[in-house]
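In this text, residue positions in the sequence shown follow the numbering used here: the first is 178, and each later residue adds one.
By construction, the Cβ of each residue, glycine as well, lies at the ideal position given by its N, Cα and C atoms.
Owing to the predicted nature of the structure, the values given are computational and were not obtained by experimental measurement.
Heads up: the structure comes next, in structure tokens.
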Amino acid sequence: MEMELLKPAIKKNLLEESIDHLHQQSLNWQNQIAFWKDENRFFNDLLSNKLFHNVTPLDKKIIKDTLNNISLNDLEKLQKEVTAHEKALHTLLLNKNKNVYNYRHVHKELDHKFNELEKRIKDLKTAVFELVKIVNANFFDSNETIHTIYERRSVRKFKNYPIDKLHIQQILRAGAMAPSAMNSQLCKFYVLTNSEKIKNYSEEIAKVAANIHQFSLKDKLNNTDPIFHDAPVVIFITSQKFNEWAAVDVGCCAQNIMLTAKSLGYDSCPIGLAKYIENTTIYDQLNIPKEEKVEIAIVMGYGDEKPIAQERKKNYITYLN
Ligand SMILES: Cc1cc2nc3c(=O)[nH]c(=O)nc-3n(C[C@H](O)[C@H](O)[C@H](O)COP(=O)(O)O)c2cc1C
178 MEMELLKPAI
188 KKNLLEESID
198 HLHQQSLNWQ
208 NQIAFWKDEN
218 RFFNDLLSNK
228 LFHNVTPLDK
238 KIIKDTLNNI
248 SLNDLEKLQK
258 EVTAHEKALH
268 TLLLNKNKNV
278 YNYRHVHKEL
288 DHKFNELEKR
298 IKDLKTAVFE
308 LVKIVNANFF
318 DSNETIHTIY
328 ERRSVRKFKN
338 YPIDKLHIQQ
348 ILRAGAMAPS
358 AMNSQLCKFY
368 VLTNSEKIKN
378 YSEEIAKVAA
388 NIHQFSLKDK
398 LNNTDPIFHD
408 APVVIFITSQ
418 KFNEWAAVDV
428 GCCAQNIMLT
438 AKSLGYDSCP
448 IGLAKYIENT
458 TIYDQLNIPK
468 EEKVEIAIVM
478 GYGDEKPIAQ
488 ERKKNYITYL
498 N
């Protein structure tokens, strides 16, 4: 019975944390509030970042409201109160005069305010997270380069319209802006727009390719142009025979050309088989210097089909940490 009566008093004493502990807690609050202030400024800056310009006003409003709900003033006000409290506790620790300041009551109130603010900041972070997810999705859709990369397809059916010569020039200038190993810039572009020649070269290449690969002309009987797909423009890309990096250099130019063409409204297709032009009897007609080697051709024009993107294989990334 005696034990039972004593219990509440003991419990109360045990629960009452030492001044030292309260002081430590107030120091922790100070650190946390200083961090929240930085975070608050960061979130405000983030909202004015141009990445967020495409975010709908409604989406922005959610975070604006949440941010307004936790103003810097609120944080500074609480920071002042906590700092004053921390100082008072520090004095108490030195003087041991525990009666002059109702520290337990103030501590409890501050604890309540701190927890309440912490909860609001959690809500803010949830809102920021949602907004960043929207921005991330928008960025992917609205970024022109990424959009063009995803839109480009190998097109093998073209309208019978020529390409503006100025556009060909622009496209090839972009091709020349591709990186090259040791900045050697050894790639050359040979542009063919004569439809008779294109057809003729195509047939000649097809004959050679049929012997080298199991490339069947029978499959292409309905196709008047089995190699260049009746494109109005064919660009042969060469590099020097001695160039160790020829294939990579040419690949970079080819991709620049195809993406630029796409961004200007044209479609294209890389034609690896075009390299067999060198094995045809008509190769000399191109007047390509002997030191050069045809690596690939790009055909381009106004596309007359919209192929669906081929599914890409999975598991092609390994992070080597
Ligand atoms: C080096 C290389 C050589 C290619 N050669 C030919 C070709 O000779 N004829 C052709 O019709 N397509 C050719 N292609 C196009 C590929 O078939 C095409 O890129 C692939 O099917 C993926 O389709 P996509 O370009 O629409 O993503 C070639 C592509 C590359 C990268």
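| Item | Value |
| --- | --- |
| At a threshold of 7 Å, does G449 count as lining ligand 1 (C-beta to nearest heavy atom)? | yes |
| Assuming G449 is part of the beta strand (DSSP E), what are its boundary residues? | From DSSP, G449 is part of no beta strand (DSSP E); its letter is neither H nor E. |
| Where does G478 sit, in a helix, a strand or coil, going by DSSP? | strand |
| What do you get for C430, buried or exposed, if any count of 16 or more other CB atoms within 10 angstroms of its CB means buried? | buried |
| Does the Cβ of D444 have 16 or more other Cβ atoms within 10 Å, making it buried, or fewer, making it exposed? | buried |
| Let me know the secondary structure DSSP gives T415 once reduced to three states. | strand |
| Is Q487 a contact residue of ligand 1, with contact defined as CB to any heavy atom under 7 Å? | yes |
| Do I375 and F405 have their beta-carbon atoms positioned less than 8 Å apart in this structure? | yes |
| For Y367, name the three-state secondary structure that DSSP assigns. | strand |
| What is the DSSP secondary structure of E181, counted as helix, strand or coil? | Interpretation of E181 is limited by its pLDDT of 45, a score under 50 that renders its predicted location unreliable; no figure is taken from the coordinates. |
| Kindly give me the distance between the Cβ atoms of L224 and Y280, rounded to whole angstroms, as I take these residues to be in contact under 8 Å. | That belief does not hold up - the Cβ atoms of L224 and Y280 are roughly 39 Å apart, past 8 Å. |
| Okay, do the region 367–383 and the region 442–462 touch, 3+ Cβ pairs below 8 Å being the bar? | yes |
| Would you decide whether H282 is buried or exposed? Buried here means 16 or more other CB atoms lie within 10 Å of its CB. | exposed |
| Would you be able to state if there are at least three C-beta pairs under 8 Å between the region 406–414 and the region 286–304? | no |
| So, with DSSP's three-state summary, where would you put I473? | strand |
| Ignore the nearest five residues each way along the sequence and tell me which others in I298's own chain have a CB closer than 8 Å to its CB. | W213, E216, I247 |
| How about V410 and V476: do their beta carbons lie closer than 8 Å? | yes |
| Which same chain residues end up closer than 6 Å to H284 when comparing Cβ atoms and leaving out the 5 residues on each side of it in sequence? | L199 |
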